[in-house]
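Numbering (my numbering), first residue to last: 1 to 211. Input: a single structure, listed below in structure tokens.
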């Protein structure tokens, strides 16, 4: 099976991206990161990628007259690297139809909660405010909604009585990095299927069956 090509989208420090990049150095993983794309020129993930000799690109919304033009530019930029998978690793913007339509069921995102609980930008804060005793992280396929895509994998994290938003999020991030690496590895080596809203890792064919 040919090595799969991954483009990673980042907005921040790139800790999940770094974990994925390190994992793909092993040929047995089955994929390699071919580019890192950001919406911010100062994203720390870009510096990590450059140090590793990975191609980078910035597509800043401020450089475009409207959202639709930015969406098209982002799709062109991602497409120039010919990815098999697109992985959102701390990418803080919703993806528009130019990207979603070009890579249907091939865009992966991660979220710091056990979806469908606590979607949105403040998942850790919301879990604490609700008095949750268990939260965690989710790896899912991306659709047009906000954290509504089919779930690929989840991992639980206990909420401690003395947790702050920062301490809880820190523990979630540790689990999140491992879950993303494991999930992407299983996807590129074993494939995945999608039946309605239900995603399953592993399929008989080399390529995923699209809904």
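By construction, the Cβ of each residue, glycine as well, lies at the ideal position given by its N, Cα and C atoms.
Residue interval of the alpha helix (DSSP H) (run including residue i)
i: residue 71; result: 67-79
i: residue 181; result: 165-190
i: residue 157; result: It is not in any alpha helix (DSSP H) - residue 157 instead sits in the beta strand (DSSP E) that spans 151-158.
i: residue 123; result: 123-129
i: residue 49; result: 44-51
Boundaries (first-last residue) of the beta strand (DSSP E) holding residue i
i: residue 140; result: 134-141
i: residue 85; result: 85-88
i: residue 107; result: 107-111
i: residue 94; result: Looking at the DSSP string, residue 94 is not in any beta strand (DSSP E), and its letter there is neither H nor E.
i: residue 198; result: 198-201
i: residue 57; result: 55-58
Sequence-distant residues of its chain with Cβ nearer than 6 angstroms to residue i (five each side left out)
i: residue 103; result: 86
i: residue 106; result: 85
i: residue 71; result: 96 and 98
i: residue 209; result: Only weak support exists for where residue 209 lies, its pLDDT of 38 falling under 50; the coordinates are left without a value.
i: residue 211; result: Model confidence at residue 211 stands at a pLDDT of 33, short of 50, so the residue's coordinates are unreliable; what they give is reported in the following sentence. Closer than 6 angstroms at the Cβ level, and outside the excluded window around residue 211, lie 194.
i: residue 23; result: 29 and 181
Rounded C-alpha distance that separates residue i from residue j
i: residue 108; j: residue 64; result: 25 angstroms
i: residue 35; j: residue 145; result: 25 angstroms
i: residue 116; j: residue 179; result: 17 angstroms
i: residue 39; j: residue 61; result: 7 angstroms
i: residue 89; j: residue 128; result: 23 angstroms
i: residue 100; j: residue 55; result: 22 angstroms
i: residue 195; j: residue 17; result: 28 angstroms
i: residue 20; j: residue 131; result: 32 angstroms
i: residue 172; j: residue 150; result: 20 angstroms
i: residue 184; j: residue 66; result: 33 angstroms
i: residue 73; j: residue 79; result: 10 angstroms
i: residue 158; j: residue 182; result: 21 angstroms
i: residue 138; j: residue 69; result: 30 angstroms
i: residue 154; j: residue 198; result: 13 angstroms
The ligand HEM heavy atom lying under 7 angstroms from the CB of residue i
i: residue 169; result: This structure lacks the ligand HEM; in fact it carries no ligand of any kind.
Same chain, Cβ closer than 8 angstroms to residue i, five either side skipped, listed in chain order
i: residue 82; result: 5 and 34
i: residue 160; result: 167 and 168
i: residue 119; result: 111, 113, 146, 147 and 148
i: residue 143; result: 100, 149 and 150
7 angstroms Cβ shell around residue i - same chain, five flanking residues per side excluded
i: residue 77; result: 37, 57 and 59
i: residue 205; result: With a pLDDT of only 48 at residue 205, under the threshold of 50, the placement of this residue in the model should not be trusted; the figure read from the coordinates follows. For residue 205, where only same-chain residues beyond five positions count, the Cβ hits under 7 angstroms are 191.
i: residue 8; result: 17, 20, 33, 36, 87 and 89
i: residue 123; result: 111, 112 and 113
Restricting to runs no shorter than 3 residues, where is the beta strand (DSSP E) found entirely within the region 2-36? 4-10
Are at least three pairs of beta-carbons, each pair with one atom in the region 6-16 and one in the region 36-55, less than 8 angstroms apart? yes
Using 8 angstroms as the threshold, is the region 159-166 in touch with the region 179-189, meaning 3 or more CB pairs across them? no
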